[in-house]
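Step one of this worksheet: look at the structure below.
There are 2 protein chains.
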Amino acid sequence: MLKEERFDYILRKLQADHKVLHTELSNDLQVSEDTVRRDLEALAQNGLLIKVRGGAIPHSPHPYAFNERIGIHEDDKKAIAAKALSFLRDGQTIIMDGGTSTYALTKLFPPSLQLTVVTPSIPIAMQLMEHPGVDVILTGGRLFKSSQVTAGIDTIRMIEKMRADICFMGVCSLHPEVGVTGPDMDEAAVKNVMVQSANRVVALVTGDKMGTAEPYKVCNITAMDTIITDEAGLSLAIPYRQLGINVI
Amino acid sequence: MLKEERFDYILRKLQADHKVLHTELSNDLQVSEDTVRRDLEALAQNGLLIKVRGGAIPHSPHPYAFNERIGIHEDDKKAIAAKALSFLRDGQTIIMDGGTSTYALTKLFPPSLQLTVVTPSIPIAMQLMEHPGVDVILTGGRLFKSSQVTAGIDTIRMIEKMRADICFMGVCSLHPEVGVTGPDMDEAAVKNVMVQSANRVVALVTGDKMGTAEPYKVCNITAMDTIITDEAGLSLAIPYRQLGINVI
DNA sequence: CTTATTTTTGCTGGAAATTGCAAGAATATG
DNA sequence: CATATTCTTGCAATTTCCAGCAAAAATAAG
């Protein structure tokens, strides 16, 4: 067995289990624990994982912000993302907002899909880098470490020049009267431009965000064409539907 | 059996098994392991596969083009990066080109360092996202999957507006007469603008890149203020020093 | 057709990398 | 604090790699 095969196995297992143990790997790969230790050492050197006593855990660039949020409501987000897939057609240009719901959506892209995706999100860009049919346009600007997106005037200028078929928005908070709001001024400004640069706006939002508000306004609720949500969200759908918004 | 037939067989087997071994191929093709080794060497030269100890693995579609390059010359790159550290001062604005040498440099940033780093490279941006004292400005543009950097007119426009103290350039090829050259037109154009937007240009280059040239020109060699290289590179330093370039 | 040149191939011996083992140090756990 | 894991370090056995050489094959030149 080649060393690289072991590397591959380790990284896959790490992705699946969110941890690996010396003892397990030694058994799985039929090599001594010392070899496993050395393999983990090599992978850690290249920043592919973090070595810990007894094994290793995934390398999370900013463990307390983006990656932590990925776990929560995971099934809900997957279900929402699956509904969103039906909006995609080959050849479209898509603006993909940052956030865990939109990230989940990009993970579901079928390999045959042909798209141009404009995004300020590093995790989404990295995810789509592995996709053969998607052209990625990354918006420039200052990097916000907590949410791993670019924002600021440069980001806005780039998006202003775009014209997209759909904008998928990972909404922070959503309220029938207050509209779409977010916790950060710069990011809210970027989201606002995204809405204006797309023909249709599709919001991906878990039920717990509906009916809530945050300090910075992105846009009016009527700027949304469609809201994709989970069961908890559907039970709160009436006021949005009365405004002519498609809630599914 | 023609050499090309062997090549064909090797590539097919690689596609089927996701790996090939010297021993197996030697047996399958009825040639010595040395011949197999040389065949793999030739195929690796053309970027058709990645040679590893004991055999070869496929050249993954896109995502690992960057990661694969990380292992090679690792110690040399670290030594080069360590020399480059001494150029950094708190408060500076740095343009950090893509590439494995510059990536190695960012990994060595001491936690107390306070910088603004402008970069088109996703791996560098991710690395610096973990750094408490560094502000990251990511240049926008189309994402080039093989080298994991943005490039194109948007990237150029953003860098043009910058004024940096130092540009650290991960040079592809470097020749005393031909100048700095690279394998990709768009990336070369971006590098050119980087050079113009910085007060000083520091090239990080392993010895094997010195005295070589590629299709697309970045700038004249005299645009470099300093070349940081390894021992192999230092032995080739004379022509550069005659041009007034600091080679260390 | 013969001879010279280049390319390919296999072999050899030393260099380098990989792996497993053992003993002592370091770290966690109750 | 005692005990059990786990980690580090050094080392030896094995495998694999590499550079150079010589024979064989292919190609070019006379």
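Residue numbers (the UniProt record's numbering), protein chains in the order written: chain A, 1 to 248; chain B, 1 to 248. Virtual Cβ for every residue (Gly too), placed ideally from N, Cα, C.
Contact of A:D154 with chain B is assigned, a C-beta pair being separated by under 8 Å.
Going by C-alpha positions, A:T119 is about 38 Å away from B:G207. Within 7 Å of the CB of A:R6, no CB atom of chain B is found; the nearest one sits about 11 Å away. Within the same chain, K19 and I50 come within 6 Å of A:I57 by CB-CB distance, once the 5 residues on both sides are set aside.
The three-state secondary structure of A:P120, taken from DSSP, is coil.
Between the C-alpha atoms of B:A151 and B:Y216 there is a straight-line separation of about 14 Å. Taking 7 Å as the cut-off between beta carbons, the residues of the UniProt domain "HTH deoR-type" (3 to 58) of chain B near chain A are K19, V52, R53, G54, G55 and I57, in sequence order.
Within the stretch 135 to 166 of chain B, contact with chain A at the beta-carbon level (separation under 8 Å) is assigned to D135, V136, I137, L138, T139, G140, G141, R142, L143, K145, Q148, T150, D154, T155 and M158. Cβ atoms of B:A223 and B:V195 come within 8 Å of each other, at about 5 Å. A buried status is given to A:A164, since no fewer than 16 other beta-carbon atoms sit within 10 Å of its beta-carbon. Fewer than three beta-carbon pairs drawn from the stretch 181 to 199 of chain A and the stretch 101 to 113 of chain A are found closer than 8 Å, and the two stretches are therefore not classed as touching. Within a 10 Å sphere around the beta-carbon of B:P132 sit fewer than 16 other beta-carbons, which makes this residue exposed. Distance from A:V136 to B:L143 at the Cβ level is roughly 4 Å; contact confirmed, criterion being Cβ atoms closer than 8 Å.
Rounded to whole angstroms, the separation of the alpha carbons of B:G244 and A:M96 is 49 Å. Closest in C-alpha terms to A:Q242, from the list A:E214, A:C167 and A:E177, comes A:E177. Secondary structure within the stretch 148 to 183 of chain A: the beta strand (DSSP E) runs of 3 or more consecutive residues, fully enclosed, are 149 to 151, 164 to 170, 173 to 175 and 179 to 182 (chain order). Identification of residues in the stretch 117 to 128 of chain B having a C-beta nearer than 9 Å to some C-beta of chain A yields P120, I122, P123, A125, M126, Q127 and L128, given in sequence order. In the structure shown, A:A213 falls within a coil segment according to DSSP collapsed to helix, strand and coil. The Cβ-Cβ distance between B:D39 and B:I80 does not fall below 8 Å. The stretch 187 to 245 of chain B is shown to contain whole alpha helix (DSSP H) runs of 4 or more residues at 231 to 234 and 238 to 242, in chain order. DSSP lists A:G55 as the beta-bridge partner residues of A:L21. Residue range V134 to L138 is occupied by the beta strand (DSSP E) that includes A:V136. 8 Å or more divides the Cβ of B:V52 from the Cβ of A:L48.
Beta-carbon to beta-carbon, A:K83 and A:I228 are separated by about 5 Å, close enough to satisfy the 8 Å threshold.
Between A:S146 and the set A:I122, A:M126 and A:E130, the nearest pair of CA atoms involves A:I122.
Between B:A203 and B:L174 a beta carbon distance of about 7 Å is seen, short of the 8 Å cut, so the two are scored as contacting. In this chain, the beta strand (DSSP E) harbouring B:L143 covers G141 to F144. With respect to B:G211, B:T102 sits apart: the two C-beta atoms are not nearer than 8 Å. Beta-carbon to beta-carbon, B:N192 and B:V218 are separated by about 5 Å, close enough to satisfy the 8 Å threshold.
As a beta-bridge residue in DSSP terms, B:V247 pairs with B:I227. If you draw a straight line from the Cα of B:K13 to the Cα of B:E24, it is about 10 Å long. The bridge partners DSSP lists for B:T93 are B:T116. Ranked by how close their Cα comes to the Cα of A:D75, the residues A:Q92, A:L105, A:L88 and A:D225 have A:L105 in first place. The straight-line gap separating the alpha-carbon atoms of B:I166 and B:G91 is approximately 12 Å.
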